[in-house]
Amino acid sequence: MNESFADLSIFNELGCGYKGPERFKAIDNALLQGVSYTSAFGAGTCNSEFEFLTGHSMAFLGAGVYPFMSYNLAPSENLARQFKRLGYRTVAMHPNHATNWNRENVFADMGFDEFLSIEDFAGAPELCRKVTDAATYDKCLEVLKQSDQPIFIHDVTMQNHSAYDTGLVPTDQQLHLAVEGVSDKVITWTNEYCSLMEASDAAFAAFLEKLRDLDRPVVVVMYGDHQPFFTDRYNDLYFTDEDDATHTERIWQTRYVVWANYDVAGNAQTSGELNTSINNVGALALNAIGAPLTAYQRARLQNRAHMPAINVVGAQDAHGVWYTAEAKYVPAKTANARDRLDRMQYRKLFDHEGSVFATHKQAAANETDPNAAPGA
Numbered sequence: 003m004n005e006s007f008a009d010l011s012i013f014n015e016l017g018c019g020y021k022g023p024e025r026f027k028a029i030d031n032a033l034l035q036g037v038s039y040t041s042a043f044g045a046g047t048c049n050s051e052f053e054f055l056t057g058h059s060m061a062f063l064g065a066g067v068y069p070f071m072s073y074n075l076a077p078s079e080n081l082a083r084q085f086k087r088l089g090y091r092t093v094a095m096h097p098n099h100a101t102n103w104n105r106e107n108v109f110a111d112m113g114f115d116e117f118l119s120i121e122d123f124a125g126a127p128e129l130c131r132k133v134t135d136a137a138t139y140d141k142c143l144e145v146l147k148q149s150d151q152p153i154f155i156h157d158v159t160m161q162n163h164s165a166y167d168t169g170l171v172p173t174d175q176q177l178h179l180a181v182e183g184v185s186d187k188v189i190t191w192t193n194e195y196c197s198l199m200e201a202s203d204a205a206f207a208a209f210l211e212k213l214r215d216l217d218r219p220v221v222v223v224m225y226g227d228h229q230p231f232f233t234d235r236y237n238d239l240y241f242t243d244e245d246d247a248t249h250t251e252r253i254w255q256t257r258y259v260v261w262a263n264y265d266v267a268g269n270a271q272t273s274g275e276l277n278t279s280i281n282n283v284g285a286l287a288l289n290a291i292g293a294p295l296t297a298y299q300r301a302r303l304q305n306r307a308h309m310p311a312i313n314v315v316g317a318q319d320a321h322g323v324w325y326t327a328e329a330k331y332v333p334a335k336t337a338n339a340r341d342r343l344d345r346m347q348y349r350k351l352f353d354h355e356g357s358v359f360a361t362h363k364q365a366a367a368n369e370t371d372p373n374a375a376p377g378a
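All residue numbers for the sequence shown refer to the working numbering, where the first residue is 3 and numbers rise by one.
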């Protein structure tokens, strides 16, 4: 999961011909790729992690809710536990404080064997005072080379996190986009963010090159957790005459890719475009490589026939039309698909013995600066 990784070229190329993460978009041998609709905008990374790891949707939990902080996730189905049943070692990593978003407790509850946090990245290279994406990819390679046991790694990067006015991007890495129509402050944010994205794009491309030479089969799923907090300015600037749902969903989307360093039987690996929401990315990836699916995953994939994507602000019908969460009219088949998912999710998330609510409190407030002590 790549922090704030998004393609800002969808906003009329920012009016200056900006092309976004060009290396990422040029991958031509992926198993799958496309838009990943998110339930987070500008912040709330943990909710994208929650959706990806569990397959649940924030659509039925509401805005302002953070399941990592609120709910007991130990009984809930998740990818870490699924891979453990298949004999995999499971490793989570995030180059920041383990206390952020209660990850140290949530990852243990989910069954991860190990959680590598900021202490495991001592001396790692930084960009804008955040550990670089490249450093986490090197850590992934290090873990992969430790043994021949199959491994599931959940890597949550940090490099592209706000703030975007630090002035700490090295001169030779700075972009100076000829953006117009927004305030000087937004231009500053845009240039620093896009400079970080350029570094992020290059690091991911280099990572895939290293994996091509690795003598073991590897599947990579990469997705952005949310857009940076300022893209609504460009959305309002360039798109002024469209329905509310279409307008809103443009800022609640990133992109994802599923890529393998080996030939996957039954898949042409020609980077076919398939748009979805983050809660379904994991199941789609498993299905693409022919891995066993749970009954819940199979049901969610079947449900996509009438509702390809859903997030906290709306749902999409089979024709690609979006409807807000408050819409009075939604096509019957889409409404039924949403209701089915709601009922399935309730049973998976809440219908169990024991407490519904989190049993482990977050030990310290979130602190995005890895060089500062966790918040009090």
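Glycine is no exception: its CB is placed at the ideal position from the N, C-alpha and C atoms.
Query raised in the report: DSSP puts Thr272 in a beta bridge; with which residues?
Result: Answer is none; Thr272 lacks a bridge partner.
Query raised in the report: Going by the CB atoms, is the gap between Val93 and Val158 shorter than 7 Å?
Result: With respect to Val93, Val158 sits apart: the two C-beta atoms are not nearer than 7 Å.
Query raised in the report: Which class does Ser59 belong to by DSSP, given the choice of helix, strand or coil?
Result: For Ser59, the three-state secondary structure derived from DSSP is coil.
Requested in this report: Excluding the 5 residues preceding and the 5 following Ala329 in the sequence, name in chain order all residues of the same chain whose CB lies nearer than 8 Å to its CB.
Outcome: Close CB contacts of Ala329 within its chain, under the 8 Å cut and outside five residues either way in sequence, are with Ala247, Gly316 (chain order).
Query - Whole-angstrom distance between Ala334 and Asp135, CA atom to CA atom - result: Asp135 and Ala334 have their alpha carbons spaced roughly 43 Å apart.
Requested in this report: Kindly indicate the opening and closing residues of the alpha helix (DSSP H) around Asp10.
Outcome: One point to set straight first is that residue 10 is Leu, not Asp, in the sequence displayed. In the DSSP annotation of this structure, Leu10 is not part of any alpha helix (DSSP H), being labelled neither H nor E.
**Report entry** Member of Ala137, Phe123, Arg306 whose CA lies at the smallest distance from the CA of His99
**Finding:** When each option's Cα is compared against that of His99, the closest is Phe123.
**Report entry** the segment 259-267 in contact with the segment 28-42 per 3-pair CB rule at 8 Å
**Finding:** With the cut-off at 8 Å, the segment 259-267 and the segment 28-42 touch.
Query raised in the report: For Ile120, which residues of its own chain have a beta-carbon under 7 Å away from its beta-carbon, when the five flanking residues on both sides are left out?
Result: Listed in chain order, the non-local C-beta contacts of Ile120 below 7 Å within the same chain comprise Pro97, Asn98, His99, Pro372, local neighbours out to five positions each way being set aside.
Requested in this report: Check each candidate in Ser185, Glu53, Val108, Leu55 and name the one with the smallest Cα separation from Ala76.
Outcome: Residue nearest to Ala76 within the set Ser185, Glu53, Val108, Leu55 is Val108 (criterion: CA-CA distance).
Query raised in the report: What distance in whole Å lies between the Cβ atoms of Ser41 and Val221, which are believed to be in contact at a cut-off of 8 Å?
Result: By a beta-carbon distance limit of 8 Å, Val221 does not contact Ser41. Their separation comes to about 24 Å.
Query - Chain-order list of residues whose beta-carbon lies under 8 Å from that of Leu39 (same chain, five-residue window excluded) - result: The sequence given here places Tyr at residue 39; Leu does not occur at that position. Excluding the 5 residues flanking it on each side, Tyr39 has same chain C-beta neighbours closer than 8 Å at Glu251, Trp254, Gln255, Asn277, Thr278, Ser279, Ile280, Ala311, Ile312, Asn313, Gln318, in chain order.
Query - Per DSSP, the bridge partner or partners of Trp324 - result: BP columns for Trp324 point to Gln318.
Report task. Hey, could you find the ends of the beta strand (DSSP E) Ala94 is sitting in? Result -> Ala94: member of the beta strand (DSSP E) spanning 91-95, first to last residue.
Query raised in the report: Helix, strand or coil: how does DSSP classify His308 here?
Result: In this structure, His308 counts as coil in the three-state DSSP scheme.
Query raised in the report: Going by Cα to Cα distance, which pick from Trp191, Asp115, Asp174 is closest to His156?
Result: Per the Cα distances, Asp115.
Requested in this report: Have a look at Val133, Tyr68, Asn282 and flag the residue whose alpha-carbon is nearest the alpha-carbon of His103.
Outcome: Strictly speaking, residue 103 in this sequence is Trp, with His absent from that position. Comparing C-alpha distances from Trp103 to each of Val133, Tyr68, Asn282 shows the shortest one belongs to Tyr68.
Query - Neighbourhood of Pro219 by C-beta distance below 8 Å, restricted to the same chain and skipping five residues each side - result: Cβ neighbours of Pro219 within its own chain (closer than 8 Å, five residues either side excluded): Ala262, Asn263, Tyr264.
Requested in this report: Report yes if the CB atom of Ala365 is closer than 7 Å to the CB atom of Tyr73, and no otherwise.
Outcome: For Ala365 and Tyr73, no; Cβs fall outside 7 Å.
Query - Where Ser279 falls: helix, strand or coil (DSSP) - result: Note: Ser279 maps to strand in three-state DSSP.
Query raised in the report: When you compare only the Cα positions, how much space is there between Ser164 and Ser197?
Result: Roughly 12 Å between the two C-alpha positions.
Query raised in the report: Going by beta carbon distance, what residues of the same chain come within less than 8 Å of Ala290, once the five residues before and after it are set aside?
Result: Within the same chain, Ala290 has close Cβ partners Leu33, Leu34, Val260, Val266, Asn269.
Query raised in the report: So, using beta-carbon positions, are Ala201 and Arg25 closer together than 7 Å?
Result: In this structure, the beta-carbon distance from Ala201 to Arg25 does not fall below 7 Å.
Query raised in the report: Between Gly19 and Leu10, which are expected to be in contact by the criterion C-beta below 8 Å, what is the C-beta distance as a whole number of angstroms?
Result: In fact, because the Cβ distance is near 12 Å, the residues do not count as touching under 8 Å.
Query raised in the report: Start and end of the alpha helix (DSSP H) containing His249?
Result: Start and end: 246-251.
Report task. Since I believe Phe13 is in contact with Tyr225 (beta carbons under 8 Å), could you give me their beta-carbon distance rounded to a whole number of angstroms? Result -> Tyr225 to Phe13, Cβ: 19 Å. No contact.
Query - C-alpha distance - Gly322 paired with Ala205, whole-angstrom precision - result: Distance from the CA of Gly322 to the CA of Ala205, rounded to the nearest whole angstrom, comes to 33 Å.
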